[in-house]
Ligand code: PSV
Ligand code: MN
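Residue numbers (this note's numbering): 6 to 414.
Written as structure tokens, this is what we have:
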């Protein structure tokens, strides 16, 4: 570290010690945080108006792994990659897996895609046509099979099913069909596997979505059993929704399975996590850390098994640096949340001291954690500034030989 950052770290450490924060515990937690990156975040994606084709975008799942490996090498925090099927369909999954392993990666969540085939225009597992429901369920089962081939333990489910007009579909029938498909898939899971159920309140259906909110996902997960949990995609809520409240509730019910991190300003924008709402991200981590203090064993186990995943579409920004920025933003907010003094907070809450309690949370957010993150990177043998190292490296130039027209999504 430079003399400046050495000094800054010493000041930071003293400051935190005075506040009663165990800085070695903070460092250990930060080093433990692993974030899964999505294969589709390395591909070309866009808005519904345009997908801009960029130079150097991976042309296949193997090249997506190469890019993900660079993010992992520079941040030390992203050892797994989520795949989306059929976007990442390959002839030989064992080969893809060994490619990932050779790069120090593993394949993480398997995401079935039942929203892009023409047959799914009016829904997949909730389609009124039983043949289409069968086809969609078979695809979910295929994905469970792929999980077995690649050693994945998370099936991450999101359905685009919904309707555009009142009366277009029978909402209760669709709910039953959804449950039937989930149940059949659940039964195919091995005991070590989990099914994470993601909700979203709109899009592509604009009248109703079959899994519109956490309550609907929770209901399905409850009925299915302990291997089914809810996935919170931070972009999937109406403006103003208190996402951290949902997180706390699901944690307390031992039904939170994972996150899809991204940031939103208006809708499901899939922008770089922490770009527009860093305080929300901090408050989510506050709830996670509070749940770690729970006396309930099931809550502790739940919080220890959360799958932290990024789900972003990089439409205008270069994809690898966007992923590095995302990982750093998550680390920053987690680091800040780790500075909350929970004893002080509990005391102020018990006294009903509104302002002191709010201050106990917000004051942690206001610390500059740069010296802490630099110290950790140094201890881990990682570059102090992963973004600069990437930008100065030859990798960005070398992948230009891939040309234009890599994988879309
Ligand atoms: C849907 O908006 C979503 O959040 C789901 O997780 C999909 O799998 C992902 O985005 C990619 O389209
Ligand atoms: Mn998502």
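Ideal Cβ positions, reconstructed from N, Cα and C, are used throughout, including at glycine.
Worksheet entry | Spatial neighbours of residue 209 in its chain, beta-carbon cut-off 8 Å, leaving aside the 5 residues before and after | Counting from 1 along the chain shown, the entry for residue 209 is found at position 204. Once the five neighbours on either side are set aside, the close Cβ partners of residue 209 are 120, 165 and 167.
Practice prompt. May I have the straight-line CA-CA distance separating residue 29 from residue 335, to the nearest angstrom?
Written response: Start at 1 with the first residue of the chain shown, and residue 29 comes out as number 24. Start at 1 with the first residue of the chain shown, and residue 335 comes out as number 330. Spanning the two alpha carbons is a distance of roughly 19 Å.
Worksheet item: Distance, Cα to Cα, residue 366 vs residue 345?
Response: As a position in the chain shown, residue 366 is number 361, starting the count at 1. As a position in the chain shown, residue 345 is number 340, starting the count at 1. For residue 366 and residue 345, the distance between alpha carbons rounds to 6 Å.
Worksheet item: What is the chain-ordered set of residues for which the beta carbon lies under 5 Å from any non-hydrogen atom of the ligand MN?
Response: My final list is 238, 265 and 316.
Discussion item. Less than 7 Å separating the Cβ of residue 273 from some heavy atom of the ligand PSV?
Written reply: For the purposes of this step, residue 273 is taken as residue 268 along the chain shown, with counting starting at 1. When distances are taken from the beta-carbon of residue 273 to the heavy atoms of the ligand PSV, the shortest one is below 7 Å.
Item to complete: Please state if the CB of residue 266 and the CB of residue 342 are separated by a distance shorter than 8 Å.
Response: As a working note, residue 342 is residue 337 in the chain shown. As a working note, residue 266 is residue 261 in the chain shown. Contact flag unset, no.
Item to complete: Give a yes or no on whether the C-beta atoms belonging to residue 40 and residue 289 are separated by under 8 Å.
Response: As a first step, residue 40 is located in the chain shown; it is residue number 35 there, counting from the start. As a first step, residue 289 is located in the chain shown; it is residue number 284 there, counting from the start. No. Outside cutoff.
Worksheet item: What number of angstroms, rounded off, separates the C-alpha of residue 376 from the C-alpha of residue 278?
Response: Taking the first residue of the chain shown as position 1, residue 376 is located at position 371. Taking the first residue of the chain shown as position 1, residue 278 is located at position 273. Computed Cα separation, rounded: 21 Å.
Practice prompt. Report all residues from its chain with a CB closer than 7 Å to the CB of residue 251; omit the five preceding and five following residues, and keep chain order.
Written response: Position 246 of the chain shown, counted from the start, is the residue given in the question as residue 251. Excluding sequence neighbours, residue 251 sits near 219 and 237.
Worksheet item: Which one or two residues does DSSP pair with residue 313 in a beta bridge?
Response: As a first step, residue 313 must be located in the chain shown, where it is residue number 308. Answer is 264.
Practice prompt. May I ask you to check if the CB of residue 144 is nearer than 7 Å to at least one heavy atom of the ligand PSV?
Written response: Position 139 of the chain shown, counted from the start, is the residue given in the question as residue 144. Residue 144 has its Cβ no nearer than 7 Å to any heavy atom of the ligand PSV.
Worksheet entry | Sequence-distant residues of the same chain with beta carbon closer than 8 Å to residue 394, five excluded per side | Indexing the chain shown from 1 puts residue 394 at position 389. Only 79 and 388 meet the Cβ criterion.
Item to complete: Would you decide whether residue 91 is buried or exposed? Buried here means 16 or more other CB atoms lie within 10 Å of its CB.
Response: If you number the chain shown from 1, residue 91 lands on position 86. Result: exposed.
Worksheet item: If we call anything under 8 Å between Cβ atoms a contact, is residue 223 one with residue 187?
Response: Here residue 223 corresponds to residue number 218 of the chain shown, with the count starting at 1. Here residue 187 corresponds to residue number 182 of the chain shown, with the count starting at 1. No. Outside cutoff.
Worksheet item: Which word fits residue 15, buried or exposed, when buried means at least 16 other C-beta atoms lie within 10 angstroms of its C-beta?
Response: To locate residue 15, count along the chain shown from 1; it is residue 10. Burial call: exposed.
Fill in: residue 200 - DSSP class collapsed to helix/strand/coil
Here residue 200 refers to the residue found at position 195 of the chain shown. If DSSP states are grouped into helix, strand and coil, residue 200 belongs with the strands.
Discussion item. Taking the alpha helix (DSSP H) that residue 224 belongs to, which residues open and close that run?
Written reply: Within the chain shown, numbered from 1, the residue matching residue 224 stands at position 219. 219-229 is the extent of the alpha helix (DSSP H) around residue 224.
Practice prompt. Buried or exposed for residue 114, please, with buried defined as at least 16 other CB atoms from any protein chain shown within 10 angstroms of its CB.
Written response: By one-based count along the chain shown, residue 114 stands at place 109. Buried, by the Cβ-count rule.
Discussion item. I need the DSSP call for residue 334, collapsed to helix, strand or coil.
Written reply: Working through the chain shown from its first residue, we reach residue 334 at position 329. Three-state DSSP puts residue 334 in a helix.
Worksheet item: With distances taken from CA atoms, which of 381, 296 and 397 is nearest residue 259?
Response: To locate residue 259, count along the chain shown from 1; it is residue 254. Nearest C-alpha to residue 259: 296.
Item to complete: Kindly indicate the opening and closing residues of the alpha helix (DSSP H) around residue 351.
Response: The residue labelled residue 351 in the question sits at position 346 within the chain shown. Element bounds for residue 351: 347-355.
Discussion item. Judging by CA-CA distance, which residue of 308, 243 and 148 is the nearest neighbour of residue 264?
Written reply: Counting from one through the chain shown, the residue named residue 264 turns up at place 259. It is 308 whose Cα lies nearest to the Cα of residue 264.
Worksheet item: Per the contact definition of three or more C-beta pairs closer than 8 Å, is the region 321-328 in contact with the region 46-54?
Response: Result yes; three or more Cβ-Cβ pairs closer than 8 Å.
Discussion item. Taking DSSP's pairing of strands, which residues face residue 42 in a bridge?
Written reply: Within the chain shown, the letter at position 37 stands for residue 42. 86, per the DSSP bridge assignment.
Discussion item. Suppose the cutoff is 7 Å on Cβ atoms and the five residues either side in sequence are ignored; what does the same chain contact list for residue 411 look like?
Written reply: Mapped onto the chain shown, residue 411 falls at position 406. Annotation for residue 411: 48, 49, 62, 63 and 64 place their beta carbon closer than 7 Å to its own, counting only its chain and skipping 5 residues before and after.
Worksheet entry | Local conformation of residue 128 per DSSP, three classes | Indexing the chain shown from 1 puts residue 128 at position 123. Assigned with DSSP and collapsed to three states, residue 128 falls in coil, not helix or strand.
Item to complete: Quick one: give me the first and last residue of the beta strand (DSSP E) that residue 114 is part of.
Response: Numbered from its first residue, the chain shown carries residue 114 at position 109. Its beta strand (DSSP E) spans residues 111-117.
Discussion item. Less than 7 Å between C-beta atoms, sequence neighbours within five positions excluded: which residues of the same chain meet that for residue 170?
Written reply: As a position in the chain shown, residue 170 is number 165, starting the count at 1. If we look at residue 170 and ignore the five residues flanking it on each side, its Cβ neighbours are 212.
Worksheet item: Secondary structure at residue 253, three-state DSSP: helix, strand or coil?
Response: Residue 253 sits at position 248 when you count from the first residue of the chain shown. In the structure shown, residue 253 adopts helical secondary structure according to DSSP, grouped into three states.
Worksheet entry | Distance cut-off 7 Å: residue 153 Cβ against heavy atoms of the ligand PSV | Here residue 153 refers to the residue found at position 148 when the chain shown is read from its first residue. Outside the cutoff, so no.
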